[in-house]
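A.B. asks: Everything in the sequence shown is counted per my numbering, starting at 376 for the first residue and increasing by one. Note that beta-carbon positions come from the ideal geometry of N, C-alpha and C, so glycine has one too.
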Amino acid sequence: GWDFLMNDNDPMDPVDLNSEGNPGHGTHVAGIIAGVGNNGTGTTGIMWTARLMALKAGGVNRSLSTAAIIRAIHYAVAKGARVINASFGGSDCSLAFYDAVRAANDAGVLLVAAAGNESEDNDNVSMFPANFGAASVCGGQSKTALGNVIAVAATDQTDQLATFSNFGAATVHVGAPGVRVNSTIPTANVTTILLHHFDSNPIGLGYVFGGTKSTWGFTDFTSSSQPNSLTDSPTGNYQNHTDSFAVGPVFSTEGQRGCRLDSRVRYQTELESDEVFADVSKNSGTTWQTIRAISGDSNNQFRPITWGDIADGAAGSRFRFRFVSDESLTFDGAYLDDIRVTCVAGLPSDTTDYRFFEGTSMATPYVAGLAGLLLSVNPNLSITELRSAILSTVDRKTSLSGKVLSGGRINARTALASVVANSTITVNKAGTGTGTVTSDPAGFDCRATCTGKFPLGSTVHLAATPDPGSIFAGWSGDCSGIGSCSITPNATVTATFNIAPLPNDGGGCTVAPGADGEVLLPVMFLLSLIVLSFRARH
């Protein structure tokens with residue numbers, strides 16, 4: 376896989392530490408698709424032998440970059456993916472985004488997308504990439520529907536449309552389970568790489584301040600953990616036209632995965648005009664990448680903020696906070712405390728690393744996993760055939776009628792049966808007798824010439840049972856002998872049943888060539904006549 380945010384080869388899902396942070400969304404989705412089964416642990420994915428390509432286009436703060444999404448789609452296509460799970464969505468559409476999904480369509484790659492969790496009608500309010508499966512307006516241009524998209528709504532345990540789920544009679548295709556879905560989450564084994572409370576000697580922590588109109592420093596005016604916090608303006612309101620920074624010390628994330636930057640922040644700024652930025656570096660500060668910005672008013676409260684991902688496996692990791700203001704209105708600024716960098720360590724727990732989530736994000740991987748399952752038994756399916764197999768085999772539900780295009784919730788068993796590649800076995804009947812030919816697996820139970828369909832590559836065992844008065848004379852064609860017949864599909868055999876011959880002794884009468892012409896009856900018949908005669912007289 377690949378992390379398109381941090382541009383490295385470790386797309387590890389960071390752990391959940393703050394209420395607004397990523398709770399392991401990608402890991403949960405992956406478990407629904409391909410959680411290992413038959414091992415007595417946790418849950419089982421719908422296609423638990425699938426190969427997953429983990430592509431990370433979103434940060435720990437739940438936001439995704441459209442540019443990263445586009446790069447991830449092109450990467451998946453180039454690396455030979457057959458199905459893309461898109462458990463995300465937004466109202467904005469760019470031509471580049473549409474073109475990326477169209478390129479996947481041209482390459483024969485199915486894209487399964489979440490309908491959204493706003494209880495909206497997607498026929499009226501577009502959600503992308505889900506709405507790429509219908510005619511849409513993108514970048515100011517009308518775009519035709521893409522045939523490789525399946526948009527998925529969420530259903531609950533009673534097959535009702537989930538209260539939060541988006542829907543659309545023309546734009547959302549099918550429902551799938553999305554309420555109280557249990558699946559994997561990132562390991563709870565967390566290593567704290569860095570923790571700054573600023574409680575004593577904060578100057579010794581190695582922060583560097585600078586920039587335009589910089590007044591960064593430490594203050595005991597307010598804090599989350601007493602007595603001190605880091606602030607952009609310790610003596611009052613910040614100034615207009617500020618572009619200042621506080622750079623933290625260099626630290627290492629070598630040998631670590633899923634690293635993230637969190638803190639508690641109290642802030643008061645002009646909304647969307649004056650902002651606090653968090654930047655990260657993996658080369659000791661030579662280059663920087665912005666991972667999040669906040670603005671507005673926290674109402675004098677320190678709020679937990681998940682800033683975003685820190686590069687994994689970097690010896691020169693570093694972060695900085697920047698404060699940028701425009702030409703008008705100034706306020707108190709920002710106070711930061713309890714700054715920490717955490718990473719994942721160790722192996723997952725067998726008991727704690729599972730959780731119930733809900734959302735169309737959880738419904739989508741059920742459909743993506745089903746697509747993979749169908750391809751596993753019939754890899755030659757085209758996008759049109761694959762999409763049709765999923766949408767035409769649903770369990771139709773009154774609750775979904777007029778809400779999704781198919782009117783139903785997916786049925787994996789029925790969909791699977793519809794795509795299994797079958798071949799034909801023909802059994803001919805010959806001879807003067809009668810009998811029955813049966814098969815294991817079931818499919819034949821016939822007394823005349825018949826044909827049966829069986830999965831390609833399977834072995835079918837035929838048995839011939841003659842009726843009373845008949846005998847089985849043997850097989851011919853693709854089988855021989857008089858025992859059971861084991862054949863592979865696309866075979867033709869003949870079962871011959873003949874009338875059983877009469878016995879060679881007993882049971883008849885013989886006329887002796889004597890002059891008297893007397894009839895010699897069999898002994899048992901003569902005794903019977905004597906007994907009957909005796910009974911008649913008494």
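Within its chain, find whatever has a CB closer than 6 Å to the CB of Gly433; leave out the 5 residues flanking it on each side and keep chain order.
C.D. replies: Locating residue 433 in the sequence shown gives position 58, where the first residue counts as 1. Result list for Gly433: Leu439, in chain order.
A.B. asks: Starting from Ile758 and walking both ways along the alpha helix (DSSP H), at which residues does that stretch end?
C.D. replies: One-based indexing of the sequence shown puts residue 758 at position 383. 758-766 is the extent of the alpha helix (DSSP H) around Ile758.
A.B. asks: If I follow the unbroken beta strand (DSSP E) through Leu485, where does it start and stop?
C.D. replies: For this step, residue 485 is matched to residue 110 along the sequence shown. Element bounds for Leu485: 485-489.
A.B. asks: What residue range does the beta strand (DSSP E) around His836 cover?
C.D. replies: Numbered from its first residue, the sequence shown carries residue 836 at position 461. That run of the beta strand (DSSP E) goes 835-841.
A.B. asks: How do the region 574-581 and the region 627-636 stand: do at least 3 beta-carbon pairs fall below 8 Å, yes or no?
C.D. replies: No: fewer than three Cβ pairs fall under 8 Å.
A.B. asks: Can you give me the C-alpha to C-alpha distance between Leu570 and Pro624, rounded to a whole angstrom?
C.D. replies: As a first step, residue 570 must be located in the sequence shown, where it is residue number 195. As a first step, residue 624 must be located in the sequence shown, where it is residue number 249. Those two C-alpha atoms are separated by around 11 Å.
A.B. asks: Compute the Euclidean distance between the alpha carbons of Asp637 and Thr587, then round it to the nearest angstrom.
C.D. replies: The residue you call residue 637 lines up with position 262 of the sequence shown. The residue you call residue 587 lines up with position 212 of the sequence shown. Whole-angstrom Cα-Cα distance: 25 Å.
A.B. asks: Classify His836: buried if its beta carbon has 16 or more other beta carbons within 10 angstroms, exposed otherwise.
C.D. replies: For this step, residue 836 is matched to residue 461 along the sequence shown. By the 10 Å Cβ count, His836 comes out exposed.
A.B. asks: May I have the straight-line CA-CA distance separating Val556 from Met737, to the nearest angstrom?
C.D. replies: Taking the first residue of the sequence shown as 1, we reach residue 556 at position 181. Taking the first residue of the sequence shown as 1, we reach residue 737 at position 362. If you take the alpha carbons of Val556 and Met737, they lie about 7 Å apart.
A.B. asks: The alpha helix (DSSP H) that contains Arg788, what's its start and end?
C.D. replies: Sequence index remark: in the sequence shown, residue 788 carries index 413 (1-based). Unbroken alpha helix (DSSP H) run through Arg788: 787-794.
A.B. asks: Where Arg715 and Phe696 are concerned, what is the direct C-alpha to C-alpha distance, given to the nearest angstrom?
C.D. replies: Position 340 of the sequence shown holds residue 715. Position 321 of the sequence shown holds residue 696. Whole-angstrom Cα-Cα distance: 13 Å.
A.B. asks: If you follow the alpha helix (DSSP H) that Val527 is part of, which residue opens it and which one closes it?
C.D. replies: What you label residue 527 is simply residue 152 of the sequence shown in a count that begins at 1. Taken as a continuous stretch (DSSP letters only), Val527 belongs to no alpha helix (DSSP H), being part of the beta strand (DSSP E) at 524-530.
A.B. asks: In this structure, how does DSSP classify Ala939 when only helix, strand and coil are distinguished?
C.D. replies: There is no way to answer for residue 939, as the model of the chain reaches only from 376 to 913.
A.B. asks: Buried or exposed: where does Ile578 fall if 16 or more other Cβ atoms within 10 Å of its Cβ makes it buried?
C.D. replies: Numbered from its first residue, the sequence shown carries residue 578 at position 203. Answer is exposed; the Cβ neighbour count stays below 16.
A.B. asks: Among the residues of its own chain, which have a CB less than 8 Å from the CB of Leu919, if the five just before and after it don't count?
C.D. replies: Given a span of 376 to 913 for the chain in the structure shown, any question on residue 919 remains unanswerable.
A.B. asks: How about the region 770-786 and the region 445-454: do they share at least three Cβ pairs that are nearer than 8 Å?
C.D. replies: No, the region 770-786 is not in contact with the region 445-454.
A.B. asks: With a Cβ-Cβ cutoff of 8 Å, do Pro816 and Ser462 count as a contact?
C.D. replies: Taking the sequence shown and counting its residues from 1, the one referred to as residue 816 is at position 441. Taking the sequence shown and counting its residues from 1, the one referred to as residue 462 is at position 87. Contact flag unset, no.
A.B. asks: Could you tell me the boundaries of the alpha helix (DSSP H) in which Phe472 lies?
C.D. replies: Reading the sequence shown from its first residue, position 97 is the one you call residue 472. From DSSP, the alpha helix (DSSP H) with Phe472 extends over 470-481.
A.B. asks: Rounding to the nearest angstrom, what Cα-Cα distance links Asp762 and Ile525 in this structure?
C.D. replies: As a first step, residue 762 is located in the sequence shown; it is residue number 387 there, counting from the start. As a first step, residue 525 is located in the sequence shown; it is residue number 150 there, counting from the start. Inspection of the sequence shows that residue 762 is occupied by Arg rather than by Asp. Distance between the alpha carbons of Arg762 and Ile525 is about 7 Å.
A.B. asks: According to DSSP, Glu650 sits in a beta bridge with which residue or residues?
C.D. replies: Residue numbering aside, residue 650 sits at position 275 when the sequence shown is read from its first letter. According to DSSP, Glu650 bridges with Val699.
A.B. asks: Does the distance from the CB of Ile765 to the CB of Asn480 come in under 8 Å?
C.D. replies: Taking the first residue of the sequence shown as position 1, residue 765 is located at position 390. Taking the first residue of the sequence shown as position 1, residue 480 is located at position 105. Contact flag unset, no.
A.B. asks: May I ask you to list the residues that DSSP assigns as paired with Trp377?
C.D. replies: Numbered from its first residue, the sequence shown carries residue 377 at position 2. In the DSSP output, where bridge partners are listed per residue, Trp377 has Leu430.
A.B. asks: Indicate the three-state DSSP secondary structure (helix, strand or coil) for Ser736 in the structure shown.
C.D. replies: As a working note, residue 736 is residue 361 in the sequence shown. Note: Ser736 maps to helix in three-state DSSP.
A.B. asks: Tell me, please, which residues DSSP counts as bridged to Gln516.
C.D. replies: The residue given as residue 516 occupies position 141 in the sequence shown. Partner(s): Cys513.
A.B. asks: May I ask you to list the residues that DSSP assigns as paired with Ile560?
C.D. replies: In the sequence shown, counting from the first residue as 1, residue 560 sits at position 185. DSSP lists no partner for Ile560.
A.B. asks: Measure the C-alpha to C-alpha separation of Asn797 and Val868 and round it to an integer number of angstroms.
C.D. replies: Counted from its first residue, the sequence shown places residue 797 at position 422. Counted from its first residue, the sequence shown places residue 868 at position 493. The alpha-carbon atoms of Asn797 and Val868 are separated by roughly 18 Å.
A.B. asks: Is it true that the region 645-663 meets the region 728-735, where meeting means three or more beta-carbon pairs spaced less than 8 Å apart?
C.D. replies: The answer is no - the region 728-735 does not touch the region 645-663, with fewer than three Cβ pairs under 8 Å.
A.B. asks: So Thr768 and Ser793 are in contact, right, with Cβ under 8 Å, and what is the actual spacing, rounded?
C.D. replies: For the purposes of this step, residue 768 is identified with residue 393 of the sequence shown, where counting begins at 1. For the purposes of this step, residue 793 is identified with residue 418 of the sequence shown, where counting begins at 1. Yes, Thr768 and Ser793 are in contact; Cβ-Cβ is about 5 Å, under 8 Å.
A.B. asks: Is the CB-CB distance between Leu486 and Pro504 below 8 Å?
C.D. replies: Numbered from 1 along the sequence shown, position 111 holds the residue referred to as residue 486. Numbered from 1 along the sequence shown, position 129 holds the residue referred to as residue 504. In contact: Leu486 and Pro504 (Cβ atoms closer than 8 Å).
A.B. asks: Taking the straight line between their C-alpha atoms, what separation do you get for Val458 and Ser648?
C.D. replies: The residue given as residue 458 occupies position 83 in the sequence shown. The residue given as residue 648 occupies position 273 in the sequence shown. If you take the alpha carbons of Val458 and Ser648, they lie about 41 Å apart.
A.B. asks: Suppose you measure from the CA of Trp591 to the CA of Gly683; what does that come to, to the nearest Å?
C.D. replies: Taking the sequence shown and counting its residues from 1, the one referred to as residue 591 is at position 216. Taking the sequence shown and counting its residues from 1, the one referred to as residue 683 is at position 308. Cα to Cα, the separation comes out at about 22 Å.
A.B. asks: With H, G and I counted as helix, E and B as strand and the rest as coil, what does DSSP make of Ser845?
C.D. replies: Residue numbering aside, residue 845 sits at position 470 when the sequence shown is read from its first letter. The answer is strand: DSSP assigns Ser845 an E or B state.
A.B. asks: Give me, in chain order, the residues of the same chain whose beta-carbon lies closer than 8 Å to that of Lys518; leave out the 5 immediate sequence neighbours on both sides.
C.D. replies: Stepping through the sequence shown from its first residue, residue 518 is reached at position 143. Only Tyr473, Phe507, Ala510, Ser511, Val512 meet the Cβ criterion.
A.B. asks: Could you pull the DSSP bridge partners for Gln601 from this structure?
C.D. replies: Translated into the one-based positions of the sequence shown, residue 601 becomes position 226. Answer is none; Gln601 lacks a bridge partner.
A.B. asks: In whole angstroms, give me the CA-to-CA distance for Cys854 and Pro386.
C.D. replies: In the sequence shown, the residue the question calls residue 854 occupies position 479. In the sequence shown, the residue the question calls residue 386 occupies position 11. For Cys854 and Pro386, the distance between alpha carbons rounds to 55 Å.
A.B. asks: Less than 8 Å separating the beta-carbons of Gly810 and Ala839?
C.D. replies: Counting from 1 along the sequence shown, the entry for residue 810 is found at position 435. Counting from 1 along the sequence shown, the entry for residue 839 is found at position 464. Result yes, Cβ atoms of Gly810 and Ala839 sit closer than 8 Å.
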